[in-house]
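Engineer: One point on numbering: in full-length UniProt numbering, the residue at position 251 of the sequence shown is 251, and numbering is uninterrupted. The beta-carbon is built from N, C-alpha and C at its ideal position, and this holds for glycine as well. Computed from a predicted model, the values in this text were never measured in an experiment. Below is one structure. I have some questions about it.
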Amino acid sequence: MSEQMLAFAFLVLSIIITVFYFPISRGKQPPPPPFMAADWTQLPKDLLQFISEKLNSEFYQLRFRSVCSSWRSSVPKNHHHHLNLPSKFPTPSNSNNIDDHSNSNSNNNNASTFPLSKRTLFLITPPPNQQTLQPWLIKIGPDSHDLIHLWHPLSRDKQFPLHSPHVIDFNHLSVIDLGREFVIGQFPSQSPLFINDNTSLYMEKLVVYDTCHSGNENDPCSVLLTIHVSGKLAIFRCGDEQWTIIPEMPTMFYDDVCVFNGRPIAVDGTGRTVAVEPDLSLDLVAEAEAVFGGDKKFLVESDGELLLVDKYLSCLGNYSLDDGETGNDIVAERAVKFDVFRLDEKEKKWVEVRNLGDRVLFLGEDCVFSSKCNGNGNCVIFMDRNCHSTEFGISVFHLDQRRISPLSDFPCYSKLFWPPPEWVGLRVDNNRALILD
Numbered sequence: 001m002s003e004q005m006l007a008f009a010f011l012v013l014s015i016i017i018t019v020f021y022f023p024i025s026r027g028k029q030p031p032p033p034p035f036m037a038a039d040w041t042q043l044p045k046d047l048l049q050f051i052s053e054k055l056n057s058e059f060y061q062l063r064f065r066s067v068c069s070s071w072r073s074s075v076p077k078n079h080h081h082h083l084n085l086p087s088k089f090p091t092p093s094n095s096n097n098i099d100d101h102s103n104s105n106s107n108n109n110n111a112s113t114f115p116l117s118k119r120t121l122f123l124i125t126p127p128p129n130q131q132t133l134q135p136w137l138i139k140i141g142p143d144s145h146d147l148i149h150l151w152h153p154l155s156r157d158k159q160f161p162l163h164s165p166h167v168i169d170f171n172h173l174s175v176i177d178l179g180r181e182f183v184i185g186q187f188p189s190q191s192p193l194f195i196n197d198n199t200s201l202y203m204e205k206l207v208v209y210d211t212c213h214s215g216n217e218n219d220p221c222s223v224l225l226t227i228h229v230s231g232k233l234a235i236f237r238c239g240d241e242q243w244t245i246i247p248e249m250p251t252m253f254y255d256d257v258c259v260f261n262g263r264p265i266a267v268d269g270t271g272r273t274v275a276v277e278p279d280l281s282l283d284l285v286a287e288a289e290a291v292f293g294g295d296k297k298f299l300v301e302s303d304g305e306l307l308l309v310d311k312y313l314s315c316l317g318n319y320s321l322d323d324g325e326t327g328n329d330i331v332a333e334r335a336v337k338f339d340v341f342r343l344d345e346k347e348k349k350w351v352e353v354r355n356l357g358d359r360v361l362f363l364g365e366d367c368v369f370s371s372k373c374n375g376n377g378n379c380v381i382f383m384d385r386n387c388h389s390t391e392f393g394i395s396v397f398h399l400d401q402r403r404i405s406p407l408s409d410f411p412c413y414s415k416l417f418w419p420p421p422e423w424v425g426l427r428v429d430n431n432r433a434l435i436l437d
């Protein structure tokens, strides 16, 4: 849910409360103060349910349920957010010649399984009366052993040393939920590219969405969507034992996947964009005619719109993963520029965007998200391990300047990352983060 939509939902709530719950003054009698007139605990249950339906975030619903007992009882715990999926998953066959998706559903008792982890991205913003302070961008979630960690927001396996007997109390902080990432595998991992050296799944982005099982709206089914080593789309549905490779002959490998307005979306290297239907058919979302030239494409929702970020790469050379043996060379590349496009759903085409306004796009290794940045914006912040080796390989591309700079050139952005700002209430001591009482 975009920040504007969330603000609109609470604006509607405020208007309803003002109209129906503030006593109307008559004659010369002054109206009572609003804080005395409104009893938030007595809102109609159907109104509470309507508002909760608009909060498509576990974090926002958790905050909603924490207001009072009547609000908590109006919305079930984990409403709409229970994943009907196993805790561990097999990797798909590494065959590049899968034409019939039924072939990939055959039982394979010897297949290795790997855990699924969900992490949440938060932007912790300063109090309203202290807007000159810098916000803090974090990612929180479990590792493969279910131990909660503070992760680098743009990295797959970089952890920050958060060790404390206390907790971060989000009820006393202003927090924006920016989205989630899902990862399969053992983390932190020793292998930078593959899941435990199994090459059937590159470490591409993984998304989770709900669909109707057998067309029954009352029987939702959770589905994982990612990209197979063959370049095709791979899905895992609740009740499956193996991954399914969606049969297709794409002209290019798929580059990225996302969920937009509840629909699973995928884009290939040409910019051709499709939606995956429940029957595994592919519905054309956008033609590729306006998008060309880039080497890697990313999909990101920003303020209610679907954007495509086209990344241009330059080759730096090859390096070997196995001490010089042939067949395992990796091409080292670095980013040189980006183009951004907006989806025109009616015309089914991508339209170039030259100014993002106050929005910032973040390109991570397993997640892509956007956020509003007051007084700044119109840039892409991305991970590039071959560019600006310090600061975890983070660089900034400004759309107006059309150039890439190290993160340190922009304090307003570098302070988003580690270490935490003092006002949050954390103190870094010997590479450990301690929460101040």
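(1) Measuring straight from C-alpha to C-alpha, what distance separates SER230 and PHE253?
(2) Expressed to the nearest angstrom, what Euclidean distance is found between the alpha-carbon atoms of THR113 and PHE410?
(3) If LEU282 and LEU306 are in contact, beta carbons under 8 Å, what's the gap, nearest whole angstrom?
(4) Is it buried or exposed, SER371, if we count other Cβ atoms within 10 angstroms and call 16 or more buried?
(5) Could you compute how far the alpha carbon of PRO421 sits from the alpha carbon of LYS415?
(6) Can you tell me whether ARG354 is buried or exposed? The criterion is at least 16 other CB atoms within 10 Å of its CB, across all chains shown.
(7) Just how far apart, CA to CA, sit GLU204 and VAL259?
(8) Rounded to a whole number of angstroms, what is the C-alpha to C-alpha distance between TRP418 and PRO115?
(9) Using a 10 Å radius around the Cβ and a threshold of 16 neighbouring Cβ atoms, would you call VAL67 buried or exposed?
(10) What is the residue span of the alpha helix (DSSP H) that TRP71 lies within?
(11) Roughly how many angstroms lie between the CA atoms of LEU407 and LEU137, to the nearest whole one?
(12) Pull up the distance between the alpha-carbon of LEU225 and that of PRO90, whole angstroms please.
(13) Tell me which same chain residues have a C-beta within less than 7 Å of the C-beta of PHE35, skipping the five on either side of it?
(14) For VAL424, count neighbouring Cβ atoms within 10 angstroms of its own Cβ and tell me buried if that reaches 16, exposed if not.
(15) Quick one: what's got a C-beta closer than 6 Å to LEU147's C-beta in the same chain, skipping five residues either side?
(16) One question on the structure: do LYS297 and ASP358 come within less than 8 Å of each other, judged by their Cβ atoms?
(17) Between PHE369 and GLY179, is the Cβ-Cβ spacing less than 8 Å?
(18) By a C-beta neighbour count over all protein chains shown, 10 Å radius and 16 as the cutoff for buried, is TRP71 buried or exposed?
(19) Name the two residues that bound the continuous alpha helix (DSSP H) containing PHE59.
(20) Taking all protein chains shown into account, decide if ASN374 is buried (16 or more other Cβ within 10 angstroms of its Cβ) or exposed.
(21) Give me the residue from HIS152, TYR413, PHE170 with the minimum Cα distance to GLU181.
(22) Under the three-state reduction of DSSP, which class applies to HIS152: helix, strand or coil?
(23) Which one or two residues does DSSP pair with LEU137 in a beta bridge?
(24) Drop a sphere of 10 angstroms on the beta-carbon of GLN42, count the other beta-carbons inside from all chains shown, and report buried for 16 or more, exposed for fewer.
(25) With DSSP as the reference, identify every bridge partner of SER395, one or two as the case may be.
(26) Taking 8 Å as the threshold (C-beta atoms), are ASP177 and THR120 in contact?
(27) Please state whether the Cβ-Cβ distance between ALA286 and THR270 is less than 8 Å.
(28) Could you check where the alpha helix (DSSP H) with PHE50 kicks off and where it finishes?
Structural biologist: So, to answer that:
(1) Locating residue 230 in the sequence shown gives position 230, where the first residue counts as 1. Locating residue 253 in the sequence shown gives position 253, where the first residue counts as 1. The alpha-carbon of SER230 is positioned some 7 Å away from that of PHE253.
(2) For the purposes of this step, residue 113 is taken as residue 113 along the sequence shown, with counting starting at 1. For the purposes of this step, residue 410 is taken as residue 410 along the sequence shown, with counting starting at 1. Approximately 42 Å, taken between the alpha carbons.
(3) Locating residue 282 in the sequence shown gives position 282, counting from the first residue. Locating residue 306 in the sequence shown gives position 306, counting from the first residue. Contact flag wrong, Cβ pair sits at about 16 Å.
(4) Indexing the sequence shown from 1 puts residue 371 at position 371. By the C-beta density criterion, SER371 is buried, having at least 16 other C-beta atoms within 10 angstroms.
(5) Position 421 of the sequence shown, counting from 1, holds the residue named residue 421. Position 415 of the sequence shown, counting from 1, holds the residue named residue 415. In a straight line, the C-alpha of PRO421 is about 7 Å away from that of LYS415.
(6) Residue 354 sits at position 354 when you count from the first residue of the sequence shown. Burial call: exposed.
(7) On the sequence shown, position 204 is the one that residue 204 refers to. On the sequence shown, position 259 is the one that residue 259 refers to. So the two alpha carbons sit approximately 15 Å from each other.
(8) If you number the sequence shown from 1, residue 418 lands on position 418. If you number the sequence shown from 1, residue 115 lands on position 115. Computed Cα separation, rounded: 27 Å.
(9) Residue numbering aside, residue 67 sits at position 67 when the sequence shown is read from its first letter. The residue in question, VAL67, is exposed, as its Cβ has fewer than 16 Cβ neighbours within 10 Å.
(10) Position 71 of the sequence shown, counted from the first residue, corresponds to residue 71. Its alpha helix (DSSP H) spans residues 69–74.
(11) Here residue 407 is taken as the residue at index 407 of the sequence shown, counted from 1. Here residue 137 is taken as the residue at index 137 of the sequence shown, counted from 1. In a straight line, the C-alpha of LEU407 is about 14 Å away from that of LEU137.
(12) Reading the sequence shown from its first residue, position 225 is the one you call residue 225. Reading the sequence shown from its first residue, position 90 is the one you call residue 90. The alpha-carbon atoms of LEU225 and PRO90 are separated by roughly 14 Å.
(13) Translated into the one-based positions of the sequence shown, residue 35 becomes position 35. Unreliable placement is indicated for PHE35, whose pLDDT of 49 sits below 50; no coordinate value is reported for it.
(14) In the sequence shown, residue 424 corresponds to position 424, counting from 1. Taking every protein chain shown into account, the CB of VAL424 has 16 or more other CB atoms within 10 angstroms, so this residue is buried.
(15) Position 147 of the sequence shown, counted from the first residue, corresponds to residue 147. Hits under 6 Å: none found.
(16) Start at 1 with the first residue of the sequence shown, and residue 297 comes out as number 297. Start at 1 with the first residue of the sequence shown, and residue 358 comes out as number 358. With contacts defined as CB atoms closer than 8 Å, LYS297 and ASP358 fail to qualify as a contacting pair.
(17) Mapped onto the sequence shown, residue 369 falls at position 369. Mapped onto the sequence shown, residue 179 falls at position 179. Against a cut-off of 8 Å, the Cβ pair of GLY179 and PHE369 comes out as a contact.
(18) On the sequence shown, residue 71 is found 71 positions in, with the first residue counted as 1. Buried, because 16 or more other Cβ atoms sit within 10 Å of the Cβ of TRP71.
(19) Counting from 1 along the sequence shown, the entry for residue 59 is found at position 59. Taken as a continuous stretch (DSSP letters only), the alpha helix (DSSP H) holding PHE59 covers 58–65.
(20) The residue given as residue 374 occupies position 374 in the sequence shown. So ASN374 ends up on the exposed side.
(21) If you number the sequence shown from 1, residue 181 lands on position 181. Nearest in C-alpha terms to GLU181, of all of HIS152, TYR413, PHE170, is HIS152.
(22) Taking the first residue of the sequence shown as 1, we reach residue 152 at position 152. DSSP places HIS152 in coil when its eight states are reduced to three.
(23) The count along the sequence shown starts at 1 and reaches residue 137 at position 137. For LEU137, the pairing in a beta bridge is given by DSSP as LEU123.
(24) Start at 1 with the first residue of the sequence shown, and residue 42 comes out as number 42. Flag for GLN42 reads exposed.
(25) Here residue 395 refers to the residue found at position 395 when the sequence shown is read from its first residue. Here SER395 is bridged, per DSSP, to PHE382, PRO406.
(26) For this step, residue 120 is matched to residue 120 along the sequence shown. For this step, residue 177 is matched to residue 177 along the sequence shown. Going by C-beta atoms, THR120 is nearer than 8 Å to ASP177.
(27) As a working mapping, residue 286 is identified with position 286 in the sequence shown. As a working mapping, residue 270 is identified with position 270 in the sequence shown. Cβ distance not < 8 Å, so ALA286 and THR270 don't count as in contact.
(28) Translated into positions along the sequence shown, residue 50 becomes position 50. Counting along the chain, the alpha helix (DSSP H) containing PHE50 begins and ends at 45–53.
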